[in-house]
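Peer 1: Heads up, the sequence shown is in the working numbering, so the first residue is 14 and it goes up one at a time.
Glycine included, C-beta positions come from ideal geometry on N, C-alpha and C.
This structure is in structure tokens; I'll ask about it shortly.
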Amino acid sequence: LGQVTFLSQNEKFRAKPWATPLTAAMAAKWVTVSVYFPLEMLSTRAQAMQIAPWPLMKQIIWDDKFLSLWRGYGITCMKEVPHAGIFWSSYIAVRDAVFPDEGSNEQQAAFIVANTIGCATLASVLTHPMDVVKTRQQASGRFGLNQRGFLITIVERVDEAVKNIHKTHGWQGFTVGIVPRVLRIWPASILLMGTYELADYCMRPIQHIQLQKHVNMLKKLDYARVQKEIRQQEQEEARKSGA
Numbered sequence: 014l015g016q017v018t019f020l021s022q023n024e025k026f027r028a029k030p031w032a033t034p035l036t037a038a039m040a041a042k043w044v045t046v047s048v049y050f051p052l053e054m055l056s057t058r059a060q061a062m063q064i065a066p067w068p069l070m071k072q073i074i075w076d077d078k079f080l081s082l083w084r085g086y087g088i089t090c091m092k093e094v095p096h097a098g099i100f101w102s103s104y105i106a107v108r109d110a111v112f113p114d115e116g117s118n119e120q121q122a123a124f125i126v127a128n129t130i131g132c133a134t135l136a137s138v139l140t141h142p143m144d145v146v147k148t149r150q151q152a153s154g155r156f157g158l159n160q161r162g163f164l165i166t167i168v169e170r171v172d173e174a175v176k177n178i179h180k181t182h183g184w185q186g187f188t189v190g191i192v193p194r195v196l197r198i199w200p201a202s203i204l205l206m207g208t209y210e211l212a213d214y215c216m217r218p219i220q221h222i223q224l225q226k227h228v229n230m231l232k233k234l235d236y237a238r239v240q241k242e243i244r245q246q247e248q249e250e251a252r253k254s255g256a
């Protein structure tokens, strides 16, 4: 559902006059993360605490506050939004430059897979440090008391997590787990882009029909304008002749 929302928002933003593949993908991912982040957080905590999501949400809101459902939202956006922008902009750039339009279906499918793997790897490598920080925040939560005396989970701030990772593991700590993450991203990205390209291919006849209707409408409008100008010229010539 999140990927469907992302694709629909991406197409919506791409129609904007200011949009590029980079900005459209980043804006679409920001909307998707903002909508689904509380649900993902509830799902993660429900699995960890073995509590049903709705009772857990009531407990979180009662013990802490409603905005705690977005705890970790900032670092998630710092990871997911640039990742989407880098992946989509690089994928579109490579596709537009070297896509084999005249090739067989097998060649086009192989190109889509290879392009997806390369762009997903690039985006994952560049944004992996933020993923390490996010994982650190999720794993280093500790219990504390809020102002009303209820037990809550206290999470490290982003700058604290960065300092602790560097202090403990050095700069190499920001590359921990990069290979498993890249390998995990590949299947999901291939499925996403395969679905996107298939939908785009199936929609081309409909888009062509809509474009043709638009062209025909413009032709009719242009024809009507020309006829109106001709009648005006004839009327003007008739007045001059009568004078």
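For Pro200, is the classification buried or exposed, using 16 other Cβ atoms within 10 angstroms of its Cβ as the cut-off for buried?
Peer 2: Exposed.
Peer 1: When the Cα of Ala106 is compared with those of Glu53, Ala251, Leu35, Ile198, which residue comes out closest?
Peer 2: The option with the nearest alpha carbon to Ala106 is Leu35.
Peer 1: Which residues bound the alpha helix (DSSP H) around Ala97?
Peer 2: Element bounds for Ala97: 86-111.
Peer 1: Which class does Ala127 belong to by DSSP, given the choice of helix, strand or coil?
Peer 2: Looking at Ala127 - three-state DSSP - the assignment turns out to be helix.
Peer 1: Are Tyr112 and Ala136 closer than 9 angstroms when you measure CB to CB?
Peer 2: Note that residue 112 corresponds to Phe in the displayed sequence, not to Tyr. The answer is no: Cβ separation not under 9 angstroms.
Peer 1: Write down the C-beta distance between Lys180 and Gly85 rounded to the nearest angstrom, noting that I regard them as a contact closer than 8 angstroms.
Peer 2: Not quite, the Cβ-Cβ distance comes to about 21 angstroms (not below 8 angstroms), so this is no contact.
Peer 1: If you compare alpha carbons, which of Met143, Thr140, Ile88, Tyr104 is closest to Val126?
Peer 2: Out of Met143, Thr140, Ile88, Tyr104, Tyr104 has the C-alpha closest to the C-alpha of Val126.
Peer 1: Once you ignore the five residues that flank Ile178 on each side, which residues in its own chain have a CB closer than 8 angstroms to its CB?
Peer 2: So the list reads Val145, Val146, Arg149, Gly186, Phe187, once near-sequence residues are dropped.
Peer 1: How long is the line joining the alpha carbons of Leu196 and Ala110, rounded to whole angstroms?
Peer 2: Rounded to the nearest angstrom, the two C-alpha atoms are 26 angstroms apart.
Peer 1: Counting C-beta neighbours from all protein chains within 10 Å, is the total for Pro142 16 or more, i.e. buried, or is it exposed?
Peer 2: Pro142 comes out buried.
Peer 1: At a cut-off of 8 angstroms, is Val107 close to the ligand NAD when judged by its beta-carbon and the heavy atoms of the ligand?
Peer 2: With respect to small molecules bound, the structure shown includes none, and the ligand NAD cannot be examined in it.
Peer 1: Starting from Lys176, follow the alpha helix (DSSP H) in both directions and report where the run begins and ends.
Peer 2: Where Lys176 is concerned, the enclosing alpha helix (DSSP H) stretches over 171-182.
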